[in-house]
Amino acid sequence: MKSGLRRPSILSAFLFLVAAVPFATPSGMPASKVHYHVVEKAVLGGNGGWDYLKLDSHARRLYIARATRVLVVDPDTYEQIGEIPNTRGVHCIDIARKLNRGFISDGGASTVTIFDRKTLKVIDVVSTTGEGPDALVYDPASERVFTFNGRSGNSTAIDARTAKVVGTIALGGRPEFAVSDGRGMIYNNLEDKSEELAINARTLQVESRWPLAPCQHPSGLAIDRQNRRLFVGCHNQMMAILNADTGQVITTVPIGPGVDANRYDPGTHLAFSTNGGDGTLTVVREVTPNKFVVLQNASTERGARTMAVDRKTHRVFTVTAQFGPMPPPQPGQRFRRPSILPGTFTLIALAP
Numbered sequence: 054m055k056s057g058l059r060r061p062s063i064l065s066a067f068l069f070l071v072a073a074v075p076f077a078t079p080s081g082m083p084a085s086k087v088h089y090h091v092v093e094k095a096v097l098g099g100n101g102g103w104d105y106l107k108l109d110s111h112a113r114r115l116y117i118a119r120a121t122r123v124l125v126v127d128p129d130t131y132e133q134i135g136e137i138p139n140t141r142g143v144h145c146i147d148i149a150r151k152l153n154r155g156f157i158s159d160g161g162a163s164t165v166t167i168f169d170r171k172t173l174k175v176i177d178v179v180s181t182t183g184e185g186p187d188a189l190v191y192d193p194a195s196e197r198v199f200t201f202n203g204r205s206g207n208s209t210a211i212d213a214r215t216a217k218v219v220g221t222i223a224l225g226g227r228p229e230f231a232v233s234d235g236r237g238m239i240y241n242n243l244e245d246k247s248e249e250l251a252i253n254a255r256t257l258q259v260e261s262r263w264p265l266a267p268c269q270h271p272s273g274l275a276i277d278r279q280n281r282r283l284f285v286g287c288h289n290q291m292m293a294i295l296n297a298d299t300g301q302v303i304t305t306v307p308i309g310p311g312v313d314a315n316r317y318d319p320g321t322h323l324a325f326s327t328n329g330g331d332g333t334l335t336v337v338r339e340v341t342p343n344k345f346v347v348l349q350n351a352s353t354e355r356g357a358r359t360m361a362v363d364r365k366t367h368r369v370f371t372v373t374a375q376f377g378p379m380p381p382p383q384p385g386q387r388f389r390r391p392s393i394l395p396g397t398f399t400l401i402a403l404a405p
């Protein structure tokens with residue numbers, strides 16, 4: 054009788070101790086203790102709007118798309134260390150580290166600027182086969198660069214080594230952000246269709262079209278390559294999490310308004326959403342590949358809608374500025390943004 058009573062007591066104590074141990078991320082940081090907060094605001098100044106950020110963690114360079122040029126900033130000192138000019142209507146930057154090349158989508162010129170990753174010198178400028186290239190992604194498996202041309206609803210595939218156009222893919226909608234799984238598959242959001250495309254980077258064929266409901270008007274996109282999960286930022290204030298092999302929407306979690314970017318940090322199993330509408334950074338923990346929990350909505354600043362994550366330091370970088378009055382609406386205009394006050398463009402760094 055005594056031994057029968059003792060075993061449940063020991064078991065209960067064991068379960069209590071297990072429950073009390075916080076989940077630890079691979080970086081050694083207890084996920085329950087994650088608390089992102091602003092650690093630096095560096096005024097970069099200048100005029101014009103902005104779009105995507107790209108962080109080259111190996112070379113310690115942060116690339117910021119800025120109207121007609123790309124700013125290059127040291128992510129450790131927050132100082133501007135270079136600039137790539139003449140990128141009219143710039144949207145997106147990606148890096149081919151092994152090829153020592155970078156690629157920029159010039160939306161206003163419908164071109165791609167190819168530059169040397171070390172010197173920042175322009176190597177070539179390639180015309181796209183569509184209008185208004187916005188998102189751009191390099192796929193290491195095929196060694197191809199893909200632009201997603203917003204005004205023509207197609208994608209241009211470019212050989213990253215030869216800088217030659219190798220094909221065009223009809224998308225059937227208005228593309229937003231794209232990611233590569235590193236194995237030869239590209240994923241792309243169709244904003245007007247609320248669909249996710251799975252594109253074969255070698256055959257240049259759309260292999261799957263997946264509905265994203267209840268997600269509406271998807272914008273940002275990130276990927277957990279190891280666990281095959283996609284993180285989609287939706288303008289109805291949710292992040293949809295998909296199985297990258299089946300397209301199944303596993304779950305959704307709430308985020309703030311005005312999302313434009315999502316990122317995933319494999320070192321901490323955290324997914325992020327920058328929400329420019331209310332100036333927040335939503336931090337989502339991947340507990341398991343099928344369970345996701347919002348840990349935090351950290352304060353940034355209004356208008357901070359794009360971002361990059363440093364896989365070395367686990368810091369998040371975003372940018373914004375101070376704003377003037379909202380301009381009057383124009384015929385056929387999809388988005389309106391308030392005027393940007395000159396000289397107020399600011400880089401914001403958040404640390405856990």
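Residue numbers (the numbering used here): 54 to 405. Every residue gets a Cβ at the ideal spot worked out from N, C-alpha and C, and that includes glycine.
Burial state of residue i, where buried means 16 or more other Cβ atoms lie within 10 Å
i: SER158; result: buried
i: ALA314; result: buried
i: ILE134; result: exposed
i: PRO128; result: buried
i: ARG338; result: buried
i: HIS367; result: buried
i: THR200; result: buried
i: PRO228; result: buried
i: ALA266; result: exposed
i: GLY81; result: Per-residue confidence for GLY81 stands at a pLDDT of 47, beneath the threshold of 50, marking its modelled position as unreliable; no derived number is given.
i: ARG114; result: buried
i: ARG282; result: buried
i: GLY409; result: Only positions 54 to 405 of the chain appear in the structure, and residue 409 is not among them; the question remains open.
i: ASP104; result: buried
i: ARG197; result: buried
i: GLU132; result: exposed
i: PHE76; result: Its pLDDT being 42, under 50, PHE76 is placed unreliably in this model, and the value from its coordinates should be taken loosely. Exposed, since its Cβ has fewer than 16 Cβ neighbours within 10 Å.
i: GLY377; result: exposed
i: THR78; result: Since pLDDT at THR78 reaches only 48, below the 50 mark, its modelled position is unreliable, and the value read off the structure follows with that caveat. Per the 10 Å Cβ criterion, buried.
Element boundaries [beta strand (DSSP E), containing residue i]
i: TYR116; result: 114-119
i: VAL346; result: 344-352
i: LYS174; result: Here LYS174 belongs to no beta strand (DSSP E), and DSSP marks it neither H nor E.
i: ILE308; result: Neither: ILE308 is in no beta strand (DSSP E) and is coded neither H nor E.
i: GLY155; result: 154-159
i: PRO193; result: PRO193 -> no beta strand (DSSP E), and no H or E assigned at all.
i: LYS246; result: Segment: none, LYS246 is in no beta strand (DSSP E) and carries neither H nor E.
i: HIS144; result: 143-149
i: LYS107; result: 106-109
i: GLN133; result: 133-137
i: ALA293; result: 291-296
i: LEU265; result: Careful: LEU265 lies outside any beta strand (DSSP E) and carries neither H nor E.
i: ALA231; result: 228-233
i: LEU283; result: 282-287
i: PRO271; result: 271-277
i: LEU224; result: First-last for LEU224: undefined, no H or E at that position.
i: PHE398; result: Run containing PHE398: none; DSSP gives neither H nor E here.
i: THR209; result: 207-212
i: ARG122; result: 122-126
i: ALA361; result: 360-362
i: THR371; result: 369-373
Cut-off 6 Å between Cβ atoms - residues of its own chain near residue i, not counting five sequence neighbours on either side
i: ASN350; result: THR333, THR335
i: THR397; result: ALA374, GLN375
i: VAL259; result: LEU250, ILE252
i: ALA402; result: VAL92, GLU93, ARG368, PHE370
i: ALA120; result: GLY101, GLY102
i: SER326; result: GLY286, MET292, ILE308, VAL312, ASN315, THR335
Beta-carbon proximity list for residue i, same chain, < 7 Å, skipping 5 on both sides
i: MET379; result: ARG389, PRO391
i: ASN100; result: PRO395
i: PRO290; result: At residue 290 the sequence reads Gln, which differs from the Pro that was named. Closer than 7 Å at the Cβ level, and outside the excluded window around GLN290, lie PRO307, ILE308, GLY309, PRO310.
i: HIS88; result: GLN349, PRO405
i: TYR317; result: ALA275, ILE276, ASP277, PHE284, ALA324
i: ALA194; result: GLY235, ARG236, GLY237, ALA254
i: PHE230; result: ALA188, ASN242, SER272, GLY273, LEU274
i: ASN343; result: ILE303
i: GLY226; result: GLY206, LEU243, ASP245, LYS246, GLU248
i: VAL190; result: ASP147, PHE199, ALA231, VAL232, SER233, ILE239
i: GLY98; result: GLY396, PHE398
Which residues DSSP lists as bridging residue i, in chain order
i: HIS90; result: ALA404
i: MET379; result: DSSP lists no partner for MET379.
i: SER180; result: THR164
i: PHE251; result: Reading the sequence as shown, one finds Ala at residue 251 and not Phe. TYR240, SER261, per the DSSP bridge assignment.
i: SER326; result: ASN315, THR335
i: PRO391; result: Answer is none; PRO391 lacks a bridge partner.
i: ALA95; result: LEU400
i: VAL218; result: ILE211
i: ASN202; result: PRO186, ASN207
Close Cβ partners of residue i (< 8 Å) along its chain, the five nearest in sequence each way excluded
i: VAL74; result: Per-residue confidence for VAL74 stands at a pLDDT of 37, beneath the threshold of 50, marking its modelled position as unreliable; no derived number is given.
i: ASN153; result: ASP169, ARG170, LYS171
i: VAL346; result: VAL306, VAL337, ARG338, VAL340
i: CYS452; result: This structure leaves residue 452 out entirely; the chain is present only between 54 and 405.
> Should the segment 98-108 be regarded as contacting the segment 357-369, the criterion being three or more beta carbon pairs within less than 8 Å?
Replying inline: yes
>> Closer than 8 Å is the cut-off here; do at least three beta carbon pairs connect the segment 140-147 with the segment 171-189?
In response: yes
> Using 8 Å as the Cβ pair cut-off and three pairs as the minimum, do the segment 219-228 and the segment 168-179 touch?
Replying inline: no
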